[in-house]
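Participant:
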Amino acid sequence: VKLKADLDHLYNPSRSGDVAPSSSVRLEDVLTQDRIRIVDKTEGWEDAILQAAQPLLRTHTILPGYVDAMIQRVRQYGPYIVIGPQIALAHAMPKDGVVSLGMSLMISRSPIAFQDKPATLLFVLAPVDKISHLGIMKDLMTVISDPALVDRLTHAPHGEIIALMKSAIVQKGLPTYDD
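The following block contains the structure:
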């Protein structure tokens with residue numbers, strides 16, 4: 624709840640009078656087709672985090688210790704990574720094993736139980752610092768703030784996922800590199 628409130632405050636500055644940060648790195652830069660996995664089910668939330676992180680491990684974006692740190696944080700703090708209905712955002716600190724900025728997504732056709740909070744979309748964020756991923760997060764908040772889109776993503780074929788997200792970002796009026 625606190626993470627969601629902090630992100631909402633950060634990306635909806637009109638409510639607080641603050642100015643939102645800008646960043647040149649966007650969701651489309653780091654979440655590519657090869658970093659998206661679709662699975663029928665997982666063997667629990669720990670397995671889900673491990674599976675969701677595989678594309679980042681394979682590309683050496685993160686080290687194995689980063690996966691351990693994400694799992695340990697959920698054990699310690701509970702299901703705080705579930706940031707909305709059916710949406711989880713696994714992450715840890717850059718010092719825990721991030722090599723370069725990245726994101727992956729695993730879509731589970733069967734909900735993953737993070738205690739009493741189910742998720743079907745599990746994003747993994749690999750931040751290199753406190754700032755450079757803010758443009759990515761702004762785009763992600765645009766995507767996940769639309770319940771109908773979240774449902775469509777949960778059931779979409781692999782080849783349509785990026786296009787659905789990009790379309791939502793464009794419809795909200797956020798510029799893309801194509802503009």
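All residue numbers for the sequence shown refer to my numbering, where the first residue is 624 and numbers rise by one.
The beta-carbon is built from N, C-alpha and C at its ideal position, and this holds for glycine as well.
Here the structure is a predicted model, which is why all the values come from computation and not from measurement.
DSSP three-state label for T684, please.
Facilitator: Here the question's residue 684 lines up with position 61 in the sequence shown. DSSP places T684 in coil when its eight states are reduced to three.
Participant: So, do the stretch 649-666 and the stretch 732-751 have three or more beta carbon pairs nearer to each other than 8 Å?
Facilitator: With the cut-off at 8 Å, the stretch 649-666 and the stretch 732-751 touch.
Participant: Whose CA, out of M726, V722 and Y700, lies closest to the CA of E651?
Facilitator: Along the sequence shown, read from residue 1 onward, the residue named residue 651 stands at position 28. Measuring from the Cα of E651, the nearest candidate turns out to be M726.
Participant: Let me check understanding here. Comparing Cα to Cα, which of A736, K740, M760 and P741 lies closest to A749?
Facilitator: Translated into the one-based positions of the sequence shown, residue 749 becomes position 126. Comparing Cα positions, the closest option is M760.
Participant: For P678, name the three-state secondary structure that DSSP assigns.
Facilitator: Along the sequence shown, read from residue 1 onward, the residue named residue 678 stands at position 55. Note: P678 maps to helix in three-state DSSP.
Participant: Would you call the stretch 671-684 and the stretch 754-770 in contact, with 3 or more CB pairs under 8 Å?
Facilitator: No, the stretch 671-684 is not in contact with the stretch 754-770.
Participant: Taking C-beta to C-beta, are G707 and I792 nearer than 7 Å?
Facilitator: Along the sequence shown, one-based indexing puts residue 707 at 84. Along the sequence shown, one-based indexing puts residue 792 at 169. Result no, Cβ atoms of G707 and I792 do not sit closer than 7 Å.
Participant: Which of the three DSSP states, helix, strand or coil, is assigned to R649?
Facilitator: For this step, residue 649 is matched to residue 26 along the sequence shown. R649: coil per DSSP, three-state reduction.
Participant: Between which residues of its own chain and L745 is the CB-CB distance below 6 Å, once the five residues before and five after are set aside?
Facilitator: As a working note, residue 745 is residue 122 in the sequence shown. Closer than 6 Å at Cβ, skipping near neighbours: A671, A675, A711 and M729.
Participant: If you follow the beta strand (DSSP E) that P770 is part of, which residue opens it and which one closes it?
Facilitator: Indexing the sequence shown from 1 puts residue 770 at position 147. Counting along the chain, P770 falls outside any beta strand (DSSP E), though it belongs to the alpha helix (DSSP H) covering P770 to H778.
Participant: Kindly provide the ranges of any beta strand (DSSP E) runs that are 3 or more residues long and lie completely inside the stretch 714-773, ordered along the chain.
Facilitator: List check, beta strand (DSSP E) in window: 725-737 and 740-749.
Participant: Please list the terminal residues of the continuous alpha helix (DSSP H) segment that includes I661.
Facilitator: Against the sequence shown, residue 661 aligns to sequence position 38. No alpha helix (DSSP H) holds I661; the beta strand (DSSP E) holding it covers I659 to V662.
Participant: Express the C-alpha separation of D762 and V721 in angstroms, rounding to a whole number.
Facilitator: The residue labelled residue 721 in the question sits at position 98 within the sequence shown. The residue labelled residue 762 in the question sits at position 139 within the sequence shown. Those two C-alpha atoms are separated by around 21 Å.
Participant: Would you mind working out which of A771, L686, L724 and A713 sits nearest E669, comparing C-alpha positions?
Facilitator: The residue given as residue 669 occupies position 46 in the sequence shown. Answer by Cα proximity: A713.
Participant: Distance, Cα to Cα, Q677 vs K740?
Facilitator: Looking up residue 677 in the sequence shown gives position 54. Looking up residue 740 in the sequence shown gives position 117. If you take the alpha carbons of Q677 and K740, they lie about 23 Å apart.
Participant: Between which two residues does the alpha helix (DSSP H) holding I792 run?
Facilitator: On the sequence shown, position 169 is the one that residue 792 refers to. Element bounds for I792: I784 to Q794.
Participant: If you check the beta carbons only, do R649 and G758 fall under 7 Å apart?
Facilitator: In the sequence shown, residue 649 corresponds to position 26, counting from 1. In the sequence shown, residue 758 corresponds to position 135, counting from 1. Yes, these two residues count as a Cβ contact at 7 Å.
Participant: Spatial neighbours of V653 within its chain, please: C-beta separation below 7 Å, excluding the five flanking residues on both sides.
Facilitator: Counting from 1 along the sequence shown, the entry for residue 653 is found at position 30. Closer than 7 Å at the Cβ level, and outside the excluded window around V653, lie L724, G725, M726 and I759.
Participant: Over the uninterrupted beta strand (DSSP E) stretch that includes G707, give me the two end residues.
Facilitator: In the sequence shown, the residue the question calls residue 707 occupies position 84. That run of the beta strand (DSSP E) goes V705 to G707.
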